[in-house]
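Student: Numbering (the working numbering), first residue to last: 11 to 294.
Beta carbons are placed, not taken as given, at the ideal position from N, Cα and C, and that holds for glycine.
Next up is a structure, given as structure tokens.
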Amino acid sequence: MFRGSVFTKLEHLLFSIFLVSVLFVPSRSSAQGAANQGNQESNFKASLLNIEAASNEVFRYQSTLRNASSETKTYELKADLPPGWLISFRVNGSQVRSVQMEAGKLQDIQIEVNASQSAEPKRYPIPVIAQSDNDTLTLNLEAVVKGSYALTLTTPTGRLSEEVVSGSSEEILLKVENKGTLPLNDISISSQLPSKWEATFEPSTIEQLEAGKSVDIKTTLKVPDKTIAGDYMAKITAKNANSQEEISFRILVKTSMLSGWIGILFILAAVAIVYLLIRKYGRR
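Structural data, given as structure tokens:
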């Protein structure tokens, strides 16, 4: 009996210790989570730190600013850029220069960087800073310029006007040139013309145009019959996924010599008829 009661008391003691440990001692994961939360600091981060693009394309970075302090802060946004470069910060689509953040909040910020057109192909460090009265957060971005896209459209002589006889066709020679440092692929040629006019291009597409190279495009412009004489504008566009160039071509439409002589003959015939009628009936 005595031995059994001792074991019973010991069991009750062990059970009490277990309950105390469960109810009052925090678990390891909870304690670790609390420690991590306490050690969390304000920061400025981006999903992609390094972006490669052409010099005439926009470098876009998605960043997140965290205010882990216990007070509301206003952060001024700025960056140290190479000469001739531009930067803009956008929050919910609107361009901003600073953001006000409540304690413990996160803010998504889109950063857009425009390189100088003369930027050489290489890596450019872009330190971006979010600064408040007593806090400076730095985000080290990098822009890799791989070259430039530059498409031009003109004529071999530079002349952008032509004379066309109404009801006829005219051949115009165009010149597409790659003045960038990167190849241009899948260039298409199209036109915007007055009603019922037609234009065909040979070739109408260019699969690839290397840097510094050019291609001549033979354009056949057809003007409908009975088009009124005068000045008309024809817009011609060369474009691909990376670049686009548009020119306005002045077209002077003239009537044919035959049409002119026919018109003159009609006028003379009308005058002759009037004259004969006057002579015949004017004496009565």
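Rounding to the nearest angstrom, what Cα-Cα distance links I261 and S128 in this structure?
Tutor: Near 36 Å, if we compare the C-alpha coordinates of S128 and I261.
Student: Among the residues of its own chain, which have a CB less than 6 Å from the CB of D196, if the five just before and after it don't count?
Tutor: N250, listed in sequence order.
Student: Does the segment 79-94 come within contact of the segment 125-140, defined as at least 3 CB pairs closer than 8 Å?
Tutor: Counting Cβ pairs under 8 Å, three or more are found: they touch.
Student: Starting from S179, trace the beta strand (DSSP E) in both directions and tell me its first and last residue.
Tutor: Per DSSP, S179 belongs to the beta strand (DSSP E) from 179-188.
Student: Nearest by alpha-carbon distance to I97: which of T84, S126, T215, T210 is it?
Tutor: Checking every option, the nearest Cα to that of I97 belongs to S126.
Student: For a test of the three-state rule: what should DSSP assign to I238, helix, strand or coil?
Tutor: It is coil, neither helix nor strand.
Student: State yes or no: is the C-beta of V68 within less than 9 Å of the C-beta of N124?
Tutor: Yes. Within cutoff.
Student: Mind checking T148: buried by the 16 CB within 10 Å criterion, or exposed?
Tutor: Classification for T148: exposed.
Student: Would you mind giving the Cβ-Cβ distance between L163 and N188, rounded to the nearest angstrom? I have them listed as a contact below 8 Å.
Tutor: About 11 Å separates the two Cβ atoms, so there is no contact after all.
Student: Can you list, in chain order, the residues of its chain whose CB lies under 7 Å from that of A248, leaving out five sequence neighbours each side?
Tutor: Closer than 7 Å at the Cβ level, and outside the excluded window around A248, lie L161, L163, V186, I197, I199, E255.
Student: For the segment 169-176 against the segment 203-217, do three or more pairs of beta-carbon atoms, one drawn from each stretch, fall closer than 8 Å, so that the two count as touching?
Tutor: In short, these stretches do not touch, since the Cβ pair count stays below three.
Student: Relative to the alpha-carbon of T230, which residue among N53, T82, S104, A244 has its alpha-carbon at the smallest distance?
Tutor: Ranking the options by Cα distance to T230, first place goes to A244.
Student: In the DSSP assignment, what are the bridge partners of P135?
Tutor: Paired residue(s): E152.
Student: Going by C-alpha distance, which of A280, E51, A63, R100 is nearest N252?
Tutor: Ranking A280, E51, A63, R100 by Cα distance to N252 puts A63 first.
Student: Is the beta carbon of Q120 within less than 8 Å of some heavy atom of the ligand COA?
Tutor: Ligands displayed in this structure: none; no statement on the ligand COA is therefore possible.
Student: T74 and I121 - do their beta-carbons sit closer together than 9 Å?
Tutor: Against a cut-off of 9 Å, the Cβ pair of T74 and I121 comes out as no contact.
Student: Tell me the rounded alpha-carbon separation between Y242 and V263.
Tutor: The straight-line gap from Cα to Cα measures roughly 7 Å.
Student: Taking DSSP as the reference, what is the three-state secondary structure of A209?
Tutor: Reduced to three states, the DSSP call for A209 is strand.
Student: Please confirm if N102 has its CB atom under 9 Å from at least one CB of chain C.
Tutor: Any reference to chain C falls outside this structure, which holds one protein chain only.
Student: Could you give the DSSP three-state label for V284: helix, strand or coil?
Tutor: Of the three classes helix, strand and coil, the one that applies to V284 here is helix, per DSSP.
Student: Indicate whether L184 and S258 have their beta-carbon atoms separated by less than 9 Å.
Tutor: For L184 and S258, no; Cβs fall outside 9 Å.
Student: Hey, would you say Q299 sits closer than 9 Å to A78, going by beta carbons?
Tutor: Because residue 299 is not part of the residues shown, which for the chain are 11 to 294, the question remains open.
Student: Quick test of your reading: I61 and A153, contact by CB under 8 Å. State the CB separation rounded to the nearest angstrom.
Tutor: Confirmed, Cβ separation roughly 6 Å.
Student: Note down the Cα distance separating Q141 from S57, rounded to an integer number of angstroms.
Tutor: Going from the Cα of Q141 to the Cα of S57 covers about 20 Å.
Student: Near I139, which residues of its chain fall below 6 Å by C-beta distance, leaving aside the five closest residues on each side in sequence?
Tutor: Cβ neighbours of I139 beyond the five flanking positions: K88, T148.
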